[in-house]
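Chains as they are written, first to last, in numbering that gives the first Met the number 0: chain A, 0 to 283; chain B, 0 to 292. Glycine included, every Cβ here is placed at the ideal spot set by N, Cα and C. Being a predicted model, the structure only gives us computed values, none of them experimental. See below for the structure under consideration.
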Amino acid sequence: MEIQFENVSKSFTRKRNDREEHFVALRPTTFTVKSGEFFSIIGPSGCGKSTLLNLLAGLETADEGRVVVDGRPVDHPGADRTVVFQEHGLMPWMTVLRNVEYGLKLKGVPSMERRDRAMKYLRMVHLTRFAGSMPHQLSGGMRQRVAIARALALEPSVLLMDEPFSALDAQTRDLLHDELQRIWAETKTTVVFVTHNIREAAYLSDRILTMTGQPGGIKRIVDVPFPHPRAKSSTELSRFTAELHQEIKEEVDRVAMQELDEDWNPLTSPKRPPRDVIAPGEGI
Amino acid sequence: MSTDHPTKMVRLAPEGQKRKWDWRAVVVRISFIAVLIILWQLVAMMKIVPSYLFPGPDKVGAVFLEKIQYDLYLLRKTFNADVPFQPPQPSLTISIFKSMGRMGVGYGISVLGGLTLGVLLARSWLLKQTLGTLIMSLQSIPSICWLPFALIWFGIDDKAILAVVILGAMFSMAISTEGAIRNISPIYIKVGKTLGARNLTLAKDILFFAALPELVGGLKVGWTFAWRSLMAAELVRSDSLGVGQLLDSGRQYNDMPLMFVAVFTILAIGVTVDLLLFGTIERAIRRRWGLEK
Chain A
0 MEIQFENVSK SFTRKRNDRE EHFVALRPTT FTVKSGEFFS IIGPSGCGKS
50 TLLNLLAGLE TADEGRVVVD GRPVDHPGAD RTVVFQEHGL MPWMTVLRNV
100 EYGLKLKGVP SMERRDRAMK YLRMVHLTRF AGSMPHQLSG GMRQRVAIAR
150 ALALEPSVLL MDEPFSALDA QTRDLLHDEL QRIWAETKTT VVFVTHNIRE
200 AAYLSDRILT MTGQPGGIKR IVDVPFPHPR AKSSTELSRF TAELHQEIKE
250 EVDRVAMQEL DEDWNPLTSP KRPPRDVIAP GEGI
Chain B
0 MSTDHPTKMV RLAPEGQKRK WDWRAVVVRI SFIAVLIILW QLVAMMKIVP
50 SYLFPGPDKV GAVFLEKIQY DLYLLRKTFN ADVPFQPPQP SLTISIFKSM
100 GRMGVGYGIS VLGGLTLGVL LARSWLLKQT LGTLIMSLQS IPSICWLPFA
150 LIWFGIDDKA ILAVVILGAM FSMAISTEGA IRNISPIYIK VGKTLGARNL
200 TLAKDILFFA ALPELVGGLK VGWTFAWRSL MAAELVRSDS LGVGQLLDSG
250 RQYNDMPLMF VAVFTILAIG VTVDLLLFGT IERAIRRRWG LEK
């Protein structure tokens, strides 16, 4: 269940200041995600991270090149590549259990087996007690747990996550990081994880792909040289994160230079925190 | 069965609890209506205006009872021929049935047509630009203006009234249906697709339900349009039975209490359908969807 991006590129027309402009979301990109790997993609906003994930999910089609999963080129969305989005996207008219069962129902899994499998994954995210509840009765973190269970219930060859925790508060996010690390170890699913949270990526991933700012492309792919499970507080991890942070900041600054007035420059912008200190809003 | 079988599931409080009546609000509302009726009676008794122009609740109530009695007489007559003869008069019940029958057919057709048109407008850019523009402009014409056309095209027939009802309601529902579909949050479509739903399955499992709260709102507005068009048409074309016709026959016979009875009937039907029927459906959906705390 290897994932290959072979010279994949994508561009859009977008409206800016009432003018239509053509912009390149992704320059031709080639890389491989290994089976069972936790693979993160980070980069400044607007760098095409989500485009990359949507291409892999089959929600968008590449202009050129192709995405290959399990030896088969991706041409439409499919239950072998389920996605956890930033918004939980639970169907508000279905109970938690029905939400988790829905993908299985589409697959034609008989109802008893469907229920058992849904319950198995709800147990994995510790929410069996809420199987009969409606999504709006759950907290944000619980909803995202259900979204994870729903995606896992289909037992996909790859689990795609598009900034799944960025709408949650720091404590809940912390909790879910540990859960995700455990679930990943348990299920051995390949995970492709898009985030702008560098510490999150460093904590969870085997490898991290850093992207350049617009037009998006690969800057480099970094190995995270620490064994799982990891401790968030470890000094090595903090140092590693700080270095990555510096690298991404260069990209952020480069994009800012293009977009902001000429009087802005990275030197006059407020000083960044010292290397080993957690950046504001970056608490994982 | 495992212990976490869903039927034994813990439900969070708001869903399991029955909604309690807000007794204070109920008492206030009923008292308000009672005060209005008393005031009405007092004003009528002061005879500022002669009672044939402004009857009090006593006179209106009397005519209402008379109507009920006449309808009971009709009912008895259908089952048993040996009832003392009463001179014929417009029947309240039959008027209501006639009007609701027209609503049933006219509104039914409008719903089908409106939903279909709405889906087409939401799906096709070309139809939106062409048919959509036409519908938008036709929608600005008060529906009763179609009656003269309908009378010539369909003759003195119920079809003319139905045409007015349909033209009055269908376009508004087409527009609101299109809006409901366009406002579906893209996240549900993305989620549905990645879980394996395609085309028809996506439409019936996800798009339909995602649009439902807004869709029901549109159906409600459509009903109001249809109802108003029907009343207008029945008033103008007062040669066939109906609640609107009852109102106009009150005018023709200078029977002000009857006019009051007709207006209260129109009000009662409106309140029943708007608040009780649509209101209940809307609340149930909003509560299940969690749109209402």
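Asked: Under 7 angstroms between beta-carbons, which chain B residues line up against K106(A)? List them in chain order, please.; Found: G195
Asked: Report the three-state DSSP secondary structure of F53(B) (helix, strand or coil).; Found: coil
Asked: Rounded to the nearest angstrom, how far is the Cβ of Q213(A) from that of V254(A), given a contact under 8 angstroms?; Found: 6 angstroms
Asked: Please report the residue range of the beta strand (DSSP E) in which S8(A) lies.; Found: I2 to R15
Asked: Look at G105(B) and I155(B) and say whether their C-beta atoms are less than 7 angstroms apart.; Found: no
Asked: Does any C-beta atom of chain E lie closer than 7 angstroms to the C-beta of A152(A)?; Found: Of the protein chains in this structure, namely A and B, none is chain E.
Asked: Residues in the same chain with beta-carbon distance under 6 angstroms from M169(B), minus the five sequence neighbours each way, listed in chain order, please.; Found: S109, G112 and G113
Asked: Could you check where the beta strand (DSSP E) with I41(A) kicks off and where it finishes?; Found: F37 to I41
Asked: Since L208(A) and I220(A) should fall inside the 8 angstroms C-beta cutoff, what is the C-beta to C-beta distance between them, to a whole number of angstroms?; Found: 5 angstroms
Asked: In three-state terms, what does DSSP make of K218(A)?; Found: strand
Asked: Measuring straight from C-alpha to C-alpha, what distance separates Q88(B) and F224(B)?; Found: 30 angstroms
Asked: Name the chain B residues that come within less than 7 angstroms of Y101(A), Cβ to Cβ?; Found: L194
Asked: Have a look at T50(A), E36(A), D17(A) and A117(A) and flag the residue whose alpha-carbon is nearest the alpha-carbon of G216(A).; Found: T50(A)
Asked: For E36(A), collect the residues of the same chain with a Cβ closer than 8 angstroms to its Cβ; drop the 5 residues on either side in sequence, then sort them by chain order.; Found: T189, V190, D205 and R206
Asked: Keeping to the same chain, check which residues put their C-beta closer than 8 angstroms to that of F225(A); ignore five residues upstream and five downstream.; Found: S233, E235, L236 and F239
Asked: Taking 7 angstroms as the CB-CB limit, is W92(A) close to chain B?; Found: yes
Asked: Mapping the DSSP letters down to three states, classify A24(A) as helix, strand or coil.; Found: strand
Asked: Between I93(B) and the rest of its own chain, which residues show a CB-CB distance below 8 angstroms, the 5 nearest in sequence each way excluded?; Found: D70, L73 and L240
Asked: For H87(A) versus A148(A), is the C-beta distance shorter than 7 angstroms?; Found: no
Asked: Closer than 6 angstroms by C-beta to K219(B): which residues in its own chain qualify, once you throw out the five before and the five after it? Chain order, please.; Found: F277
Asked: Could you tell me the alpha carbon to alpha carbon distance between L294(B) and L203(A), rounded to whole angstroms?; Found: Not covered by the structure: residue 294(B). The range shown for chain B is 0 to 292.
Asked: Could you tell me whether the Cβ atoms of I160(B) and R101(B) are closer together than 7 angstroms?; Found: yes
Asked: Can you tell me where the beta strand (DSSP E) with F358(A) in it begins and where it stops?; Found: This structure does not reach residue 358(A), given that chain A is present from 0 up to 283, and the question cannot be answered.
Asked: In three-state DSSP terms, what is R18(A)?; Found: strand
Asked: Residues bridged to E63(A) by DSSP?; Found: S8(A)
Asked: Below 7 angstroms between beta carbons is the criterion; list the residues of the segment 265-291 of chain B that meet it against any residue of chain A, in chain order.; Found: R287, W288 and G289
Asked: Looking at the structure shown, is R10(B) part of a helix, part of a strand, or coil, going by DSSP?; Found: Confidence is the limiting factor: at R10(B) the pLDDT is only 47, short of 50, which leaves the residue's position unreliable, though a coordinate-based value still follows. Note: R10(B) maps to coil in three-state DSSP.
Asked: Can a CB atom of chain A be found closer than 7 angstroms to the CB of V190(B)?; Found: yes
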